[in-house]
Each structure stands twice: as C-alpha cells, then as structure tokens.
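Here's the structure we're looking at; comments come further down.
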Amino acid sequence: MRGLAVYPGSFDPITNGHLDLIRRGSDLFDRLIVAVLRNTEKSYLFSVEDRLELLSESVVDLPNVEVAAFDGLLVDFARKRGAMRILRGIRALSDFELEFQMALMNRRLAPDLETVFLMPREEFTFLSSKLVREVARLGGPVDAFVPPPVARRLKQRGTP
Ligand code: PNS
324 MRGLAVYPGS FDPITNGHLD LIRRGSDLFD RLIVAVLRNT EKSYLFSVED RLELLSESVV
384 DLPNVEVAAF DGLLVDFARK RGAMRILRGI RALSDFELEF QMALMNRRLA PDLETVFLMP
444 REEFTFLSSK LVREVARLGG PVDAFVPPPV ARRLKQRGTP
C-alpha cells in the first residue's frame, strides 16, 4: 500500500498512541501528512502553531512524514495535496461508530479516497489526548504517555 496518505486529527496534544500510528503509517505509505485541523469553534489546550511544533519535534526521525494544518473539509485538503488515502486509528469498539460515520461520509464526498484504519499497540489503547490533558492538569506524571517534547511543555504549563 504505497502512495501518499493523510492522517488528520486534533492532536491536542500528540500522544504515544498517535506516534505509534504515525510510525505504522510511515512504514505503510511512501509519504504521510499529519494534518492538524484548524477548528475555531472548539477550544484547545495548545494553539495550532504549538501543536504543529510539538508534532514536528516528535516525528523528526521520520523523513517521509510531513506536518501541516488544514481547515474546511478533510477530503478537499487530501485532494489538494494529491493523497489517495486517509489514515485513522481505532483503539477500541467505542471508537468504531464515529469513525465508521466519518469514513462513510468522506467516501460519499470523495469516492476515490479510501480510509485505512490501523490499531495502535495494545498498551496505548486506553490513551487519549483528553486523559493526558486531565492527568497533566491535576499534576500527575505523563512521561509514559506522550513524546518528550510534549511532556516538557505540559510540565512547563504546571498545574493551575
Ligand atoms: O482527533 P479528532 O478530533 O478525532 O479528529 C477529527 C477530524 C479532524 C479527523 C475530523 O473532525 C475532520 O476530519 N474534520 C474536518 C471536517 C470534515 O471534513 N468533516 C466532514 C467529514 S467527517
């Protein structure tokens, strides 16, 4: 399965689960674009610029991985960049319903774009950006859950 794929998400912040999926994607495809959604309707812990920076620092050893921001429809961004695949991760059955809906909507919008699902290593199946944010906010250790640049940034922010 070669070619260019887009791995979209919020990445607020990138976790070791995301990174595991990025590594799998970079093995599977010639090139992978990790695409951060610019969503002005939601509030995030990290700005898009910070999230791009943290992603870039985390994938520095993967030469076929690019980090970019996008707004609007994912399928438009993928088409503009010439990608034929969308990559998403499924951790547990609870992820399936939303992922299924998004994949089928994207297929309706762009039948030529195929969504590919990969599973992260099982030790990351419980992990989410939301839980990492919560543990960090309450002063817990997050080093085992996120790449070192993210752990540093979360520590710098401190607890409220
Ligand atoms: O990390 P997330 O929050 O689960 O990522 C969700 C994301 C960014 C993949 C999804 O919200 C998305 O693709 N948004 C772009 C808007 C879009 O194309 N919507 C219609 C098809 S689902």
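Quick note on numbering: the sequence shown equals residues 324 to 483 in the numbering used here.
We put the beta carbon where it would ideally sit given N, CA and C, even for glycine.
Computed from a prediction, not measured in an experiment: that's the story for all the values here.
Asked	Found
Mind listing, in chain order, the residues whose beta carbon lies closer than 5 Å to a non-hydrogen atom of the ligand PNS?	PRO331, GLY332, SER333, LEU360, LEU396, LEU397, MET425 and MET428
Taking ARG346 as the reference, which of ALA328, ASP399, THR363 and LEU360 has the closest Cα?	ALA328
Where does VAL383 fall in DSSP's three states?	coil
Out of ASP394, LEU397 and PHE440, point me to the one whose CA is closest to ASP418's CA.	PHE440
Determine the extent of the beta strand (DSSP E) in which ALA358 is found, giving its start and end residues.	354-360
Taking just the CA atoms, how far does PRO336 sit from ASP343?	14 Å
Within 10 angstroms of the Cβ of PRO434, are there 16 or more other Cβ atoms? Answer buried if so, exposed if not.	exposed
Of the residues ARG430, SER333, ALA474 and LEU450, which one's Cα is nearest the Cα of SER370?	SER333
Tell me whether GLY405 sits in a helix, a strand or coil according to DSSP, three-state version.	coil
DSSP has GLU376 in a bridge; who is on the other side?	According to DSSP, which records beta bridges pairwise, GLU376 is partnered with nothing at all.
State the Cα-Cα distance for the pair VAL382 and VAL388, rounded to the nearest angstrom.	7 Å
State the DSSP-derived secondary structure class of PRO470, mapped to helix, strand or coil.	coil
ILE413: which of ALA426, LYS403 and PRO472 sits nearest, CA to CA?	ALA426
Less than 8 Å between the beta carbons of TYR367 and GLY348, yes or no?	no
On the DSSP bridge assignment, give the partners of ALA391 in chain order.	ALA358
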